[in-house]
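Report on one structure; see the data block that follows.
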Amino acid sequence: SLLLVSSNLFAQSGFDPRSMGMGGTGVAVANPATAPFFNPAVLSIEERERFSIDGPILGVRAYDPNNFRNELNSFQNLNLVDGLQTSISNFNLAPSEASSTAVVASINELNDSLGALGGSPVQANLGIGLTLGDTGQKFGWAIYTTGNGAFGTLFNYRDGAFLGGFADAIDQVNFDNPASNTTAQLDALADFITYDVDPNTGEITNVQVVDFSEDNIESTVDVMGLGWMEVGVSLSTHLGDFACGVTPKFVRARIFDYSASALSADVSDFDVTDYQTDYENFNIDIGFARETADGWIIGMVGKNLIEQKYKGYRRDPVTQVIEPTGNVITISPTIQVGAARQEEWGTVAVDFDLQETEGFNGLPGSQYLSTGVELDPWGWGQVRAGYRANLSDSERSVLSAGIGISPFGIHVDLAVAGNKNELGAAAQFGFRF
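For the sequence shown, my numbering begins at 1 and goes up steadily by one.
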């Protein structure tokens, strides 16, 4: 379940630790090791040639503001449906106004517990990569492969109307004196109440509460995601005053679309083959960059310029037939712009997403404004800090920090990013010559 992905992942590739430490910036920061992830044009920005081998590049992010997995397990362990079934059975043996309160209390407890889980989002991302490249104003290149993944889990609360109506229906019925009820009144409550009519007197008798079982629960735990592997080549050269780069790439995608009842869902243990579909396609990134006369580097990149739609399928538990779910994850083109300035003491950078990327499975989308700084006064050790603001969802904005050690052409980079509900970390090892 870790190898799942949301389209938000492609807005900014934040698993490079230098980028993560600098708030997710990278569109205008010249670095041959990570140019394929951000902007292929920066391969031709640096005046000197620099060869690099980097790998592994590892990163992970997790977002679980409501501790959903433990809350779901706690809800399931309460066995509230069994408790409601017992209350109804006991009540129907001896119906009365006094004993009906236990049924109403059980209904309300179940409804409140389901409602507390409603809307709980969980997201996690995982990435790994390997790059080999060389900068050069006349010609820069990089070969890379990445495996990215994330998943989004959401609890969809759909039982409020039924359970609320169930409790209200019981309050409307006089169980101490069944004959005082009317057939029109009880017929309007037919989803919740049954009754008999005395064939001789026409009086209403034997008013009962309908049975309730797990099959009546409509709330679900939904997990959607996309495993994503890329193999590509980034190429860059100067055309006039601009560095221009292109990254053709082969993509293998695996979509997951899981849904289960709130009572039976297990987000950590399910057979993924029942919920997955594989796709293969080609895509392309195109970037531009320019170094201005006053020392700034400006860049722009369009990523995944060929829109792809990945449809979800899952196996029917009864027929065992793979059927479409109707859910679709769309990987749309994204455009980012960035600016950076490199000085003897370090680098400052800022990136911005020109459009919002759509979330899926009811989760918010994202539009990032990223800022970062790297201090490098010694030449062999770097200290980084940054801030990534999510303009679509301020609760997903994060602070970040990182360090780098790079003596004798060897470098190790580490970074962390997070807030009170989200935590990310990344590490990278490589050689630069």
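For every residue, glycine included, the Cβ atom is placed at its ideal position computed from N, Cα and C.
Mark Gln320 as exposed unless 16 or more other C-beta atoms lie within 10 angstroms of its C-beta, in which case mark it buried. Counted from its first residue, the sequence shown places residue 320 at position 320. That one is exposed.
In this structure, does DSSP put Asn67 in helix, strand or coil? On the sequence shown, position 67 is the one that residue 67 refers to. Three-state result, Asn67: coil.
Can you look up Val103 in the DSSP assignment and give me helix, strand or coil? Numbered from its first residue, the sequence shown carries residue 103 at position 103. Val103 falls in the helix class under three-state DSSP.
Buried or exposed by the 16-neighbour rule on C-beta atoms within 10 Å, applied to Trp380: Indexing the sequence shown from 1 puts residue 380 at position 380. Its Cβ having fewer than 16 others within 10 Å, Trp380 is exposed.
So what does DSSP say about Val173, is it helix, strand or coil? Here residue 173 corresponds to residue number 173 of the sequence shown, with the count starting at 1. Coil at Val173, not helix or strand.
Following the continuous beta strand (DSSP E) through Ser370, name the residue where it begins and the one where it ends. Taking the first residue of the sequence shown as 1, we reach residue 370 at position 370. 368-375 is the span of the beta strand (DSSP E), which, as asked, contains Ser370.
Okay, do the segment 322-337 and the segment 296-305 touch, 3+ Cβ pairs below 8 Å being the bar? yes
Specify whether the segment 202-216 and the segment 282-302 touch according to this definition: at least 3 beta carbon pairs, one from each stretch, less than 8 Å apart. no
Return the bridge partner residues of Glu356 from the DSSP annotation. Counted from its first residue, the sequence shown places residue 356 at position 356. Answer by DSSP bridge pairing: none, since Glu356 is not bridged.
Could you tell me which residues DSSP pairs with Asp229 in its beta bridges? The residue labelled residue 229 in the question sits at position 229 within the sequence shown. Just to set this straight, residue 229 is Met in the shown sequence, not Asp. Gly147, Arg252, per the DSSP bridge assignment.
Exposure label - Leu239; buried when at least 16 CB within 10 Å: Walking along the sequence shown from the start, residue 239 turns up at place 239. Looking at its Cβ environment, which holds fewer than 16 other Cβ atoms inside 10 Å, Leu239 is exposed.
How is Pro17 classed by DSSP in three states: helix, strand or coil? Here residue 17 refers to the residue found at position 17 when the sequence shown is read from its first residue. Correct three-state label for Pro17: helix.
When the Cβ atoms of the segment 110-127 are set against those of the segment 145-164, are three or more pairs found closer than 8 Å? yes
What ranges does the beta strand (DSSP E) occupy inside the segment 269-318, keeping only unbroken runs of at least 3 residues that lie completely in it? 276-291, 296-303, 308-315
Taking just the CA atoms, how far does Asn108 sit from Gly164? Counting from 1 along the sequence shown, the entry for residue 164 is found at position 164. Counting from 1 along the sequence shown, the entry for residue 108 is found at position 108. About 8 Å.
Should the segment 250-265 be regarded as contacting the segment 186-197, the criterion being three or more beta carbon pairs within less than 8 Å? no
Please give the ranges of any beta strand (DSSP E) in the segment 369-425, keeping only runs that are unbroken, at least 3 residues long and fully inside the region. 381-390, 398-405, 410-418
C-alpha gap between Ala401 and Pro65, whole angstroms: Position 401 of the sequence shown, counted from the start, is the residue given in the question as residue 401. Position 65 of the sequence shown, counted from the start, is the residue given in the question as residue 65. Near 21 Å, if we compare the C-alpha coordinates of Pro65 and Ala401.
Looking only at C-alpha atoms, which of Ala417, Gln336, Ser106, Ala425 sits nearest to Val470? Residue 470 lies beyond the residue range present for the chain, which begins at 1 and ends at 433; the question has no answer from this structure.
Buried or exposed for Thr273, please, with buried defined as at least 16 other CB atoms from any protein chain shown within 10 angstroms of its CB. Sequence index remark: in the sequence shown, residue 273 carries index 273 (1-based). The residue is exposed, with fewer than 16 neighbouring Cβ atoms inside 10 Å.
Helix, strand or coil: which one does DSSP assign to Glu97? Within the sequence shown, residue 97 is the residue found at index 97, counting from 1. Residue state, collapsed to three classes: helix.
CA-CA distance, Ser1 and Gln85? On the sequence shown, residue 1 is found 1 positions in, with the first residue counted as 1. On the sequence shown, residue 85 is found 85 positions in, with the first residue counted as 1. For Ser1, the predicted structure reports a pLDDT of 30, less than 50, and the residue's modelled location is therefore unreliable. A value from the coordinates is still provided. Straight-line Cα distance between these residues: approximately 34 Å.
Assigned secondary structure, Gln185 (DSSP; H/G/I helix, E/B strand, else coil): Taking the sequence shown and counting its residues from 1, one reaches residue 185 at position 185. Looking at Gln185 - three-state DSSP - the assignment turns out to be helix.
Just reading off the beta strand (DSSP E) that Ala339 is part of, what are its end residues? Here residue 339 refers to the residue found at position 339 when the sequence shown is read from its first residue. Unbroken beta strand (DSSP E) run through Ala339: 334-342.
Please determine, among Phe166, Ala161, Thr237, Gly202, the residue with the shortest C-alpha to C-alpha distance to Ser180. Position 180 of the sequence shown, counted from the start, is the residue given in the question as residue 180. Answer by Cα proximity: Gly202.
Out of curiosity, what's the CA-to-CA distance linking Ser264 and Ala167? Looking up residue 264 in the sequence shown gives position 264. Looking up residue 167 in the sequence shown gives position 167. Their Cα atoms are separated by approximately 24 Å.
Whole angstroms is fine: what's the gap from Leu423's alpha carbon to Leu414's? Within the sequence shown, residue 423 is the residue found at index 423, counting from 1. Within the sequence shown, residue 414 is the residue found at index 414, counting from 1. For Leu423 and Leu414, the distance between alpha carbons rounds to 14 Å.
Is Ile88 helix, strand or coil when you go by DSSP? Position 88 of the sequence shown, counting from 1, holds the residue named residue 88. Of the three classes helix, strand and coil, the one that applies to Ile88 here is helix, per DSSP.
How about Val221 and Ala262: do their beta carbons lie closer than 8 Å? By 1-based counting over the sequence shown, the position of residue 221 is 221. By 1-based counting over the sequence shown, the position of residue 262 is 262. A contact, by the Cβ cut-off of 8 Å.
Considering just the uninterrupted stretch of the alpha helix (DSSP H) at Ala35, what are its terminal residues? In the sequence shown, counting from the first residue as 1, residue 35 sits at position 35. Residues 35-38.
Own chain, CB closer than 6 Å to Phe352, minus 5 neighbours either side, in chain order: As a position in the sequence shown, residue 352 is number 352, starting the count at 1. Closer than 6 Å at the Cβ level, and outside the excluded window around Phe352, lie Val337, Leu369.
Taking 8 Å as the threshold, find out whether the segment 134-142 comes into contact with the segment 43-63 through three or more Cβ pairs. yes
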